[in-house]
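Colleague: Chains as they are written, first to last, in our numbering: chain R, 4 to 440; chain V, 3 to 231. For each residue, glycine too, the CB sits at the ideal point set by N, CA and C. First the structure, which I've put down as structure tokens, then a few questions once you've had a look.
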């Protein structure tokens, strides 16, 4: 009987997953079947899910998401674009940098890069066209720009990576000064993230010459002063955050509460961008995302103990050890694997489902787990825009009302540039780790 | 309260209790839809969902800030704030998941959404929703077993609240998810299509290659209502 059940599960689960059944039910189903066939009461699955309440780190997820959705709904995108334009818009090609920086900051705060394309696309597209960048270039830039920022604090993806990695690797096994803790990951992502932006800036400069684009804006101190005045409540936040966390006054969790509180006061009461009446709609929109993430995390927790007991990662390792003989081949295989995963799932789904299997293998090949986090996220973010299925391509096609094939073409050169960055990030661990030492 | 649950708790009682609760929920829904119409009922449910989620998150923000103030300026926090915040993660997670179920917004592999034309999607969707409903039913049962054991032998959590009360959201959450998945699996075609669009479905490359105007104007893809204005 239980043999039949296993066969059914073995065929049914992949099929259902591909058909689009919610991932959390798939993980839960695996856990239920696994516990059933080893004769354990299914209540054990729920006991494991209860571990959701054991980590203070998870408290940061709803709080940062709430702040992000408040910023997205308020006039923050407009103020952010105006400010960066006043700062660097007068440099030839500067408006491309404006677009990337605005997208990066925004994605760092809202987590889901699709939101960035929607929220900023309408503002940035006309700005790029006005500086005579071609429509094709602008489309590609805004499609890829949406996912820059996943590497910058306080990105939700970094929080989830840190949580899953420390859970999987075993808290006791890691030296907190070496392990993938959140404050280390927040620092590790900065240089790789800046590298990707710099590479894209170089490409933008090249295209600017070819398109004959330039700048119509001049540096204008009054405009800058006006932009600063307009954004005066929002500018202090990043500095306060960084200072409080690294000055040791606040834990990351407390910083999340402070950010959410700050965002609430500033957007609802000072700017009054969000009327109180709208607040429940905005908050619930964010919490739906949080619910989707947390229930998936809960289901994964229901499964991890079984995976460890059944030595699944060890078996996977044994299976690939013959093929993958050293760290470089491992990293390369990981690159390919994650790009594909990233193009068919959301980043959170990929992290929660795949990471527990990869961690033990990565440890075996001596990959630093903090570095692994940056590799993971950089790959997944680029997977987002990988044709034919990357999610951002579809959101961009939808937002800018372009045929999807045109979006593929426009994105391709940007993907090539980012691929160079990806290789650098993967094979030069120092990029991620140097700021930590 | 505890006594009532302890009397009900034996594992064998799960199915009768679940069927009773599900019938009650679906009955109220059917009556309300007949009385006020489906649109107003839907709007009402949405308002309640949003209110509950907002209450949770504002509580978390408030408690978090209170703890910072107490810790930094009065040298000592309140001991139950941290466990309560962590407990709220579980509650907000399960509540959010129930709402995500109603709005078809769970994280999934979206191959169908990107490869199949919009017209074909509801059919496949019904099958996956039904599967999800059955799995959630099994999970609700697992949660019930867990709660009944906790109720009989379990310990108290912070502030002396019994652990089974703190964890009861697992049963409520999975139970409601099962009912809602089942209800969505049987929903009208138009309802499903509207939810898909709101959740970010766009015509796949095979269907929409030549047509720049994908999706009706004014619908924001991928949960971006909060982002577009």
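(1) The ligand ADP heavy atoms versus the CB of residue 8 of chain V: any closer than 6 Å?
(2) Tell me which residue opens and which closes the alpha helix (DSSP H) that residue 116 of chain V is part of.
(3) With a threshold of 7 Å between beta carbons, is residue 228 of chain V in contact with chain R?
(4) What span of residues does the alpha helix (DSSP H) with residue 372 of chain R cover, start to end?
(5) Under 7 Å Cβ-Cβ, which residues of chain R neighbour residue 76 of chain V?
(6) What does a CB cutoff of less than 6 Å around residue 104 of chain R pick up in its chain, not counting 5 residues either side in sequence?
(7) Note down, in chain order, every chain V residue with its Cβ under 9 Å from the Cβ of residue 242 of chain R.
(8) Within this structure, are the beta carbons of residue 171 of chain V and residue 27 of chain V separated by less than 7 Å?
(9) Just the Cα atoms here: how many angstroms apart are residue 187 of chain V and residue 83 of chain V?
(10) Would you say residue 169 of chain R lies against chain V (beta-carbon separation less than 7 Å)?
(11) Which of the three DSSP states, helix, strand or coil, is assigned to residue 16 of chain V?
(12) Along the chain, where does the alpha helix (DSSP H) containing residue 448 of chain R start, and where does it finish?
(13) In chain V, what lies closer than 8 Å to residue 286 of chain R by C-beta?
(14) Near residue 120 of chain R, what residues of its chain come up, given a Cβ to Cβ distance below 6 Å and the 5 sequence neighbours on each side ignored?
(15) Which residues does DSSP pair with residue 353 of chain R in a beta bridge?
(16) Output the distance between the C-alpha atoms of residue 35 of chain V and residue 125 of chain R, rounded to the nearest integer angstrom.
(17) When DSSP builds the beta bridges, which residues end up paired with residue 158 of chain V?
(18) Exposed or buried, what is residue 56 of chain R when buried is set at 16 or more other beta-carbons lying within 10 Å of its beta-carbon?
(19) Whole angstroms are fine: how far does the CA of residue 171 of chain R sit from the CA of residue 191 of chain R?
(20) Measuring straight from C-alpha to C-alpha, what distance separates residue 48 of chain R and residue 302 of chain R?
(21) From R:361, R:358, R:413, R:418, pick the residue whose C-alpha is nearest to that of residue 387 of chain R; which is it?
(22) Count Cβ pairs between the region 282–298 of chain R and the region 56–73 of chain R that sit closer than 8 Å; are there 3 or more?
(23) Could you tell me which of R:284, R:77, R:153 sits nearest to residue 471 of chain R, measuring between CA atoms?
(24) Leaving out five residues on either side along the sequence, give the residues of the same chain with a beta carbon under 6 Å from the beta carbon of residue 164 of chain V.
(25) So is residue 148 of chain V in contact with chain R if we call contact Cβ pairs under 7 Å?
(26) Could you work out which residues of chain R lie near residue 66 of chain V, taking near to mean beta carbons separated by less than 8 Å?
(27) Compute the distance between the beta-carbons of residue 21 of chain R and residue 413 of chain R, then report whether it is under 7 Å.
(28) Who are the near neighbours of residue 7 of chain R in its chain, counting only those whose CB is closer than 6 Å to its CB and skipping five residues on each side?
(29) Within its chain, find whatever has a CB closer than 6 Å to the CB of residue 95 of chain R; leave out the 5 residues flanking it on each side and keep chain order.
(30) Is the region 361–381 of chain R in contact with the region 327–339 of chain R, if contact means three or more CB pairs nearer than 8 Å?
(31) Taking all protein chains shown into account, decide if residue 328 of chain R is buried (16 or more other Cβ within 10 angstroms of its Cβ) or exposed.
(32) What residue does the alpha helix (DSSP H) around residue 69 of chain V start on, and which one ends it?
(33) Which residues of chain R have a Cβ atom closer than 8 Å to the Cβ of residue 134 of chain V, listed in chain order?
(34) Under three-state DSSP, which class holds residue 181 of chain R?
(35) Pull up the distance between the alpha-carbon of residue 343 of chain R and that of residue 411 of chain R, whole angstroms please.
Modeller: Short version:
(1) Ligands are entirely absent from the displayed structure, and the ligand ADP is therefore not among its contents.
(2) Taking the first residue of the second chain as position 1, residue 116 of chain V is located at position 114. For residue 116 of chain V, the enclosing alpha helix (DSSP H) stretches over residues 113–117.
(3) Translated into positions along the second chain, residue 228 of chain V becomes position 226. Low local confidence applies: a pLDDT of 33 at residue 228 of chain V is under 50, so the model's placement there is unreliable, and no value is given.
(4) Mapped onto the first chain, residue 372 of chain R falls at position 369. Element bounds for residue 372 of chain R: 372–386.
(5) As a position in the second chain, residue 76 of chain V is number 74, starting the count at 1. The contacting residues do not exist; residue 76 of chain V stays about 15 Å from chain R at best.
(6) Locating residue 104 of chain R in the first chain gives position 101, where the first residue counts as 1. So the qualifying residues of the chain are 87.
(7) Locating residue 242 of chain R in the first chain gives position 239, counting from the first residue. Residues of chain V passing the Cβ test: none, with the nearest at roughly 17 Å.
(8) As a position in the second chain, residue 171 of chain V is number 169, starting the count at 1. As a position in the second chain, residue 27 of chain V is number 25, starting the count at 1. Not closer than 7 Å, so no.
(9) Along the second chain, one-based indexing puts residue 187 of chain V at 185. Along the second chain, one-based indexing puts residue 83 of chain V at 81. Put simply, the backbone Cα of residue 187 of chain V is about 40 Å away from that of residue 83 of chain V.
(10) To locate residue 169 of chain R, count along the first chain from 1; it is residue 166. For residue 169 of chain R, the answer is no, since every Cβ of chain V falls outside 7 Å of its Cβ.
(11) Your numbering for residue 16 of chain V matches position 14 in the second chain. The answer is helix: DSSP assigns residue 16 of chain V an H, G or I state.
(12) Outside the shown range of chain R (4 to 440) lies residue 448 of chain R, about which nothing can therefore be said.
(13) Within the first chain, numbered from 1, the residue matching residue 286 of chain R stands at position 283. In chain order, 52, 55, 56, 59, 60 make up the part of chain V whose C-beta sits under 8 Å from the C-beta of residue 286 of chain R.
(14) Working through the first chain from its first residue, we reach residue 120 of chain R at position 117. Within the same chain, residue 120 of chain R has close Cβ partners 149, 398, 399, 402.
(15) To locate residue 353 of chain R, count along the first chain from 1; it is residue 350. In the DSSP assignment, no residue is bridged to residue 353 of chain R.
(16) Here residue 35 of chain V is taken as the residue at index 33 of the second chain, counted from 1. Here residue 125 of chain R is taken as the residue at index 122 of the first chain, counted from 1. About 39 Å.
(17) Locating residue 158 of chain V in the second chain gives position 156, counting from the first residue. According to DSSP, residue 158 of chain V bridges with V:164.
(18) One-based indexing of the first chain puts residue 56 of chain R at position 53. Burial call: buried.
(19) The count along the first chain starts at 1 and reaches residue 191 of chain R at position 188. The count along the first chain starts at 1 and reaches residue 171 of chain R at position 168. Cα to Cα, the separation comes out at about 20 Å.
(20) Numbered from its first residue, the first chain carries residue 48 of chain R at position 45. Numbered from its first residue, the first chain carries residue 302 of chain R at position 299. Distance between the alpha carbons of residue 48 of chain R and residue 302 of chain R: 8 Å.
(21) Taking the first chain and counting its residues from 1, the one referred to as residue 387 of chain R is at position 384. The candidate whose alpha carbon is nearest that of residue 387 of chain R is R:418.
(22) Enough Cβ pairs lie closer than 8 Å, so yes.
(23) Here chain R has residues from 4 to 440 only, and residue 471 of chain R is not among them.
(24) As a first step, residue 164 of chain V must be located in the second chain, where it is residue number 162. Closer than 6 Å at the Cβ level, and outside the excluded window around residue 164 of chain V, lie 158.
(25) As a first step, residue 148 of chain V is located in the second chain; it is residue number 146 there, counting from the start. At least one CB of chain R lies nearer than 7 Å to the CB of residue 148 of chain V.
(26) Translated into positions along the second chain, residue 66 of chain V becomes position 64. Under the 8 Å cutoff, chain R gives 62, 66, 256, 257, 259, 260, 261, 263, 264.
(27) Stepping through the first chain from its first residue, residue 21 of chain R is reached at position 18. Stepping through the first chain from its first residue, residue 413 of chain R is reached at position 410. Result no, Cβ atoms of residue 21 of chain R and residue 413 of chain R do not sit closer than 7 Å.
(28) Here residue 7 of chain R corresponds to residue number 4 of the first chain, with the count starting at 1. Cβ within range, chain order: n/a, list empty.
(29) The residue given as residue 95 of chain R occupies position 92 in the first chain. So the qualifying residues of the chain are 217, 218.
(30) Enough Cβ pairs lie closer than 8 Å, so yes.
(31) Along the first chain, read from residue 1 onward, the residue named residue 328 of chain R stands at position 325. It counts as exposed.
(32) By one-based count along the second chain, residue 69 of chain V stands at place 67. Per DSSP, residue 69 of chain V belongs to the alpha helix (DSSP H) from 40–75.
(33) Within the second chain, the letter at position 132 stands for residue 134 of chain V. Within 8 Å of the CB of residue 134 of chain V, the CB atoms of chain R belong to 24, 25, 28, in sequence order along the chain.
(34) The residue given as residue 181 of chain R occupies position 178 in the first chain. In the three-state scheme derived from DSSP, where H, G and I count as helix and E and B as strand, residue 181 of chain R is classed as coil.
(35) Here residue 343 of chain R refers to the residue found at position 340 of the first chain. Here residue 411 of chain R refers to the residue found at position 408 of the first chain. For residue 343 of chain R and residue 411 of chain R, the distance between alpha carbons rounds to 16 Å.
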